[in-house]
Ligand SMILES: [Zn+2]
């Protein structure tokens, strides 16, 4: 048998450990060019610009 816990972890201790495990939503800023929500320091995927200059081509449907 391998390593086995000697005592069960109490609900309070498990909750304290898991108090840091929550996931958070992506932080978003607004694109100055088109106003779409964009991840900070990333090229805008709706208009293809980064800091006011066109960086990538956006394919229209
Ligand atoms: Zn944009």
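Numbering (the working numbering), first residue to last: 293 to 353. By construction, the Cβ of each residue, glycine as well, lies at the ideal position given by its N, Cα and C atoms. These numbers were taken from a predicted model, which means no experiment stands behind them.
- Secondary structure at residue 314: coil, using DSSP grouped into helix, strand and coil.
- Assignment of residue 346 by DSSP, reduced to helix, strand and coil, places it in the strand class.
- Between residue 326 and residue 318, the alpha-carbon positions lie close to 19 Å from each other.
- Here residue 329 is bridged, per DSSP, to 322.
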